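In this note's numbering, the protein residues as written are 1 to 218. Beta carbons: idealized from backbone N, C-alpha and C, even for Gly. Owing to the predicted nature of the structure, the values given are computational and were not obtained by experimental measurement. Take a look at the structure below.
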């Protein structure tokens, strides 16, 4: 049964699921909605009113980590470590990744330089902590995992932020910089977004109207 993803084009959480689907060669459909003006049918099936939503027949799944776990489980071999403790640790760091998307958004939304710097330092602190646990070249070592799928969208957006503002949040974090480069070179990651993502991301920064909008290069 072909799964159907519901998304909007800028969503990093949906991108996680697309990376899993692409990596495993699973045939799927994806429908994009305007998350600021979602259709009634979406309101009816999404308990939290958020994407991603995955439809499998008449069954609806929500929350990106849950969707990734389901797709991994029904399409072996698993992208999780076999050891239960290591698997639990990976799941915890997936949740850590989720918080950094919100941290990035808070930074880009900050209205003034003081607020922006406060959020930037908080995000930088989280990334510094992550630097200590990455094995390399992927999160756990040589094997590509669900945790890599979870972080690739974050690194893609940090790269776009660097291109548009010159701000490199991975500077001085060699493990993360190498991990980011490795992930962004993977075909499933490159193919997991719409072609216009760079323009959409830049446009989002501008529309937020925060301090970061003033940092955009001409």
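The beta carbon of residue 10 sits closer than 8 Å to the beta carbons of 197, 200, 201, 204 from its chain, once the five residues preceding and following it are set aside; these are given in chain order. Residues of the same chain with a CB within less than 6 Å of the CB of residue 21, apart from the 5 flanking positions on each side, are 28 in chain order. Note on geometry: alpha-carbon atoms of residue 130 and residue 123 lie some 11 Å from one another.
Non-local C-beta neighbours of residue 208 in its own chain, meaning closer than 7 Å and more than five positions away in sequence, comprise 108, 109, ordered along the chain. Residue 8 and residue 32 have their C-alpha atoms some 5 Å from each other. Between residue 42 and residue 67, the C-beta gap is not smaller than 8 Å, which leaves the two residues out of contact.
Per the DSSP secondary-structure output, residue 55 pairs in a beta bridge with 4, 60.
Between residue 12 and residue 101, the gap from beta carbon to beta carbon is short of 8 Å. According to the DSSP assignment, residue 148 belongs to the alpha helix (DSSP H) that extends over 146-165.
By the Cβ test, the segment 138-158 is in contact with the segment 78-86, since at least three Cβ pairs between them sit closer than 8 Å. Listed as beta-bridge partners of residue 112 by DSSP are no residues whatsoever. The shortest CA-to-CA distance from residue 145 to any of 103, 3, 94 is the one to 94. When DSSP states are grouped into helix, strand and coil, residue 72 belongs to the helix group.
If you keep only unbroken alpha helix (DSSP H) runs of at least 4 residues inside the segment 72-109, you get 84-109.
Annotation for residue 201: the continuous alpha helix (DSSP H) segment containing it runs 197-208. For residue 30, there is no enclosing alpha helix (DSSP H); the enclosing beta strand (DSSP E) has its first and last residue at 29-32. In this structure residue 17 touches residue 54 by the C-beta definition: roughly 7 Å separates them, less than 8 Å. Secondary structure note for residue 180: its alpha helix (DSSP H) is the uninterrupted segment 174-184. Residue 40 and residue 135 have their C-alpha atoms some 45 Å from each other. Approximately 15 Å separates the beta-carbon atoms of residue 153 and residue 182; this is outside 8 Å, ruling out the contact. Annotation for residue 45: the continuous alpha helix (DSSP H) segment containing it runs 40-45. In this structure, residue 19 and residue 180 do not form a Cβ contact; the two beta carbons are roughly 14 Å apart against a cut-off of 8 Å.
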